[in-house]
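What follows is one structure encoded as structure tokens, with my remarks underneath.
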Amino acid sequence: MKQRHLKWRLFSLFAMMALFLAGCGESFLTTLEPKGEGAEMQYSLMMISTIIMVLVVLVVTLIFIYVIFKFRHRKGDEDRIPEQVEGNHKLELIWTVIPILLLIILAVPTVAYTFKLADVTPMKAETRDEDALIVNVTAYLYWWEFEYPDYKVVTSQDLVIPTGERVYLNLKGADVKHAFWVPTIGGKMDTNTDNINQMWLHAYEGQEGIYYGKCTELCGPSHALMDFKVRAVPKEEFNQWIDSMANIDSTVEGEIAQTGEEIFQQSCIGCHAVGNEGSRIAPNLSNFADRTRIAGVLDHNEENLKAWLNDPESLKPGNKMSGTYGELSDQDIDALTEYLFQLSVDKE
Numbered sequence: 006m007k008q009r010h011l012k013w014r015l016f017s018l019f020a021m022m023a024l025f026l027a028g029c030g031e032s033f034l035t036t037l038e039p040k041g042e043g044a045e046m047q048y049s050l051m052m053i054s055t056i057i058m059v060l061v062v063l064v065v066t067l068i069f070i071y072v073i074f075k076f077r078h079r080k081g082d083e084d085r086i087p088e089q090v091e092g093n094h095k096l097e098l099i100w101t102v103i104p105i106l107l108l109i110i111l112a113v114p115t116v117a118y119t120f121k122l123a124d125v126t127p128m129k130a131e132t133r134d135e136d137a138l139i140v141n142v143t144a145y146l147y148w149w150e151f152e153y154p155d156y157k158v159v160t161s162q163d164l165v166i167p168t169g170e171r172v173y174l175n176l177k178g179a180d181v182k183h184a185f186w187v188p189t190i191g192g193k194m195d196t197n198t199d200n201i202n203q204m205w206l207h208a209y210e211g212q213e214g215i216y217y218g219k220c221t222e223l224c225g226p227s228h229a230l231m232d233f234k235v236r237a238v239p240k241e242e243f244n245q246w247i248d249s250m251a252n253i254d255s256t257v258e259g260e261i262a263q264t265g266e267e268i269f270q271q272s273c274i275g276c277h278a279v280g281n282e283g284s285r286i287a288p289n290l291s292n293f294a295d296r297t298r299i300a301g302v303l304d305h306n307e308e309n310l311k312a313w314l315n316d317p318e319s320l321k322p323g324n325k326m327s328g329t330y331g332e333l334s335d336q337d338i339d340a341l342t343e344y345l346f347q348l349s350v351d352k353e
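In our numbering, the protein residues as written are 6 to 353.
Right, here's the structure in full:
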């Protein structure tokens, strides 16, 4: 008896914990506050399906309660047989037609939105719109690269887009399967290694800001830390940013920063790049000082950068930079930090 009571107590405890945790989360990682066209479509579908499900559950529950009270066992009615309704054509017609109507109500917008979300005609070679903004997105372990092929601009971790227009994406995985997801302004799509998937993002005009994205395909020990940011800016600001990135000035000031640049050119350049110089094995650092996070997940400050350079494995297990652990002295780390925090396209 005691064991039964213990089981029910544990069940109640876990049920309450699940209910409590269901309300946890961050406002910037929710599909319930759409700020873009694609997210608005998906939110509408969720609301339609939720209303239908709640309506069905409510009706079934009311019928269930009615039947319980209407046909409950009463004293003196032991031999009374309720009216039998088998073969009632009217009832059978009602409970057949109603589900069909509900499915049609859900299916019509679902099919329509599916085709709209999959419409990438402006980025196709045969129907290319010259004004369409195209970005090649490549997912690596555990970071993201964003290339603007029409402008010969490459950046990492922060995807910059103009508000008020669709931005078309070519999605590909460089090593294993990942998944690209920006819940507040768009949907989710896998990044495969053997084919290119295509989708679009759209942030409403007037909804400038930082939108958070994540990898949603289990890809390794640091999968949960494979974040990126989408920075939506007005069209004019985006054009200025593109122009600055295409003509980036990577000169730095100060003896310490120049020493850091020398260290970078001797070792880091084998994996990283600044501007068009370097490799694409690791994130492009052209505008490192303008980013919002260190390694995609840490607050963007010198202390976190030094911690990352000192021991990246402890902060992001399994990342490809972990092999550099112990190679840099404290002086080297200070110099690199000074250098990297001068890599900005917003220099005045």
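Backbone N, C-alpha and C define an ideal beta-carbon position, used for all residues, glycine too.
Would you grab the beta carbon distance between glutamate 42 and histidine 207 for me? Rounded to a whole angstrom, and I think it's under 8 Å.
Contact between glutamate 42 and histidine 207 is confirmed by a C-beta separation of about 4 Å, below the 8 Å threshold.
When you compare only the Cα positions, how much space is there between aspartate 337 and asparagine 289?
20 Å
Endpoints, the beta strand (DSSP E) within which lysine 234 is located:
232-238
Looking at the strands, I want to know which residues DSSP matches up with lysine 177.
Thr143
Cβ contact check for the region 149-169 and the region 133-140: 3 or more pairs under 8 Å:
yes
Which parts of the region 317-353 are runs of the alpha helix (DSSP H), unbroken and 4 residues or longer, counting only runs that do not cross its ends?
317-320, 335-345
Of the choices Phe19, Val142, Glu170, Leu60, whose alpha-carbon is the least far from that of valine 159?
Val142
Let's see if you can read the secondary structure: which residues bound the beta strand (DSSP E) around lysine 193?
Its beta strand (DSSP E) spans residues 193-196.
Tell me which residues share the same chain as methionine 128 and place their Cβ nearer than 7 Å to its Cβ, disregarding the 5 neighbours each side in the sequence.
Ala137, Ile139, Tyr173, Gln203
Leaving out the 5 sequence neighbours to the left and right, which residues in its chain are closer than 7 Å to leucine 348 when beta-carbon positions are compared?
Ser255, Val279, Leu290, Ser291, Asn292, Phe293, Ala294
Buried or exposed: glutamine 89, going by 16 or more other Cβ atoms within 10 Å of its Cβ?
exposed
In the DSSP assignment, what residue or residues form a beta bridge with glutamate 282?
Val279
Do tryptophan 149 and phenylalanine 233 come within 8 Å of each other at the CB atom, strictly closer than that value?
yes
Among Leu107, Thr297, Leu108, the one whose alpha carbon lies nearest that of phenylalanine 346:
Checked all of Leu107, Thr297, Leu108; the closest Cα to phenylalanine 346 is Thr297.
Sufficient close CB pairs (3 or more, under 8 Å) joining the region 255-275 to the region 222-241:
no
Does valine 113 pass the burial test, meaning 16 or more other C-beta atoms within 10 Å, or should it be called exposed?
exposed
So, helix, strand or coil for leucine 138, using DSSP?
strand
Can you tell me the Cα-Cα spacing of lysine 95 and lysine 193, whole angstroms?
Cα to Cα, the separation comes out at about 44 Å.
Candidates Glu308, Leu60, Ala117, of which the one nearest proline 47 by Cα:
Per the sequence presented here, residue 47 reads as glutamine, with proline not at that position. Ranking the options by Cα distance to glutamine 47, first place goes to Ala117.
If we call anything under 8 Å between Cβ atoms a contact, is leucine 230 one with lysine 321?
yes
Three-state secondary structure assigned by DSSP to proline 104:
helix
Could you have a look at threonine 160 and say whether DSSP puts it in helix, strand or coil?
Strand, per DSSP.
Taking just the CA atoms, how far does alanine 23 sit from threonine 66?
23 Å
Using alpha carbons as the reference points, say which of Gln263, Gly92, Pro317 lies closest to alanine 340.
Gln263
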